[in-house]
Amino acid sequence: MNLGNEIKKLAIDNSVTLTYLAEGISRKKGKHYSVQNLSAKLKKGTANLNELVIIMEILGYKIKFEKEISTKE
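Using our numbering, you'd call the opening residue of the sequence shown number 1109 and step up by one each time.
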């Protein structure tokens, strides 16, 4: 699974452009974040967790970590 492709699919499904995402990240981080930078990070899979949380927030999603319950036999 390619994280960048999954985010792009979610953006398309929610009618959100990469430009809109980059602008939202810029507002949240308080510094300029270009579409080219976002696109490169998504393509390379180098977006950090903070960026991912912001992107998901903009798209209307929440990242949730759940501990997997293991069954020891």
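We put the beta carbon where it would ideally sit given N, CA and C, even for glycine.
With contacts defined by Cβ atoms closer than 9 Å, residue 1146 and residue 1126 form a contacting pair.
For a cut-off of 8 Å, the C-beta gap from residue 1153 to residue 1111 is around 5 Å, short enough to register as a contact. Close CB contacts of residue 1140 within its chain, under the 6 Å cut and outside five residues either way in sequence, are with 1134 (chain order). Between the alpha carbons of residue 1116 and residue 1137 lies a gap of roughly 20 Å. Under the three-state reduction of DSSP, residue 1127 is assigned to helix. In terms of Cα proximity to residue 1118, the closest of 1180, 1179, 1176 and 1164 is 1164.
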